[in-house]
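Residues in the sequence shown are numbered consecutively from 52, following this note's numbering. Notes follow once the structure below has been shown.
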Amino acid sequence: MSLDIAVWIPDDDAYAGRNVVADPPGTSTGIGAESFRDELWGSAAARRLGAMFLPQLADMTVENRGNLQVPPGQLDAFEQECVLLAENVEQLSAATGYDADRILHYLTNMQHAVKRAKAVRGGIIIW
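Spelled out as structure tokens, the structure:
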């Protein structure tokens, strides 16, 4: 299994109050293997750098079902977290053993999803 990111728009009549938006053709939505929950996004290194959203992927609960949902009002903060991790990718790579270019690819996918979400006044979900 792998982790993917999707854009959603609020819809009170839809499941969990959101409608997932279809991705444009050719969109890359992968953000890593299932193991990345703990080994990268939820790592001590990511937390030390100040990440607050992505580490939630490692903190599975009955309520979140292992998903990270970022509502429209928190997209700017999530985007800033992606920029922070990208700016410190070498440190994150050294601490986790994952290739820096691979990490940057996934962070770029996240930033593209944020841009698409803002365009429709939606949020993002990683599952």
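All C-beta atoms, glycine included, are put in the ideal place defined by N, C-alpha and C. All values derive from a computational prediction rather than experimental measurement.
- With three or more CB-CB distances shorter than 8 Å, the stretch 150–164 counts as touching the stretch 124–138.
- Per the coordinates, the alpha-carbon of Q107 lies some 10 Å from the alpha-carbon of S94.
- As summarised for the stretch 115–139, the continuous alpha helix (DSSP H) elements at least 4 residues long and confined to that stretch are 126–138, given in chain order.
- Taking the CA atoms as reference points, A96 sits about 13 Å from I154.
- For P61, the beta-bridge partners assigned by DSSP are R69.
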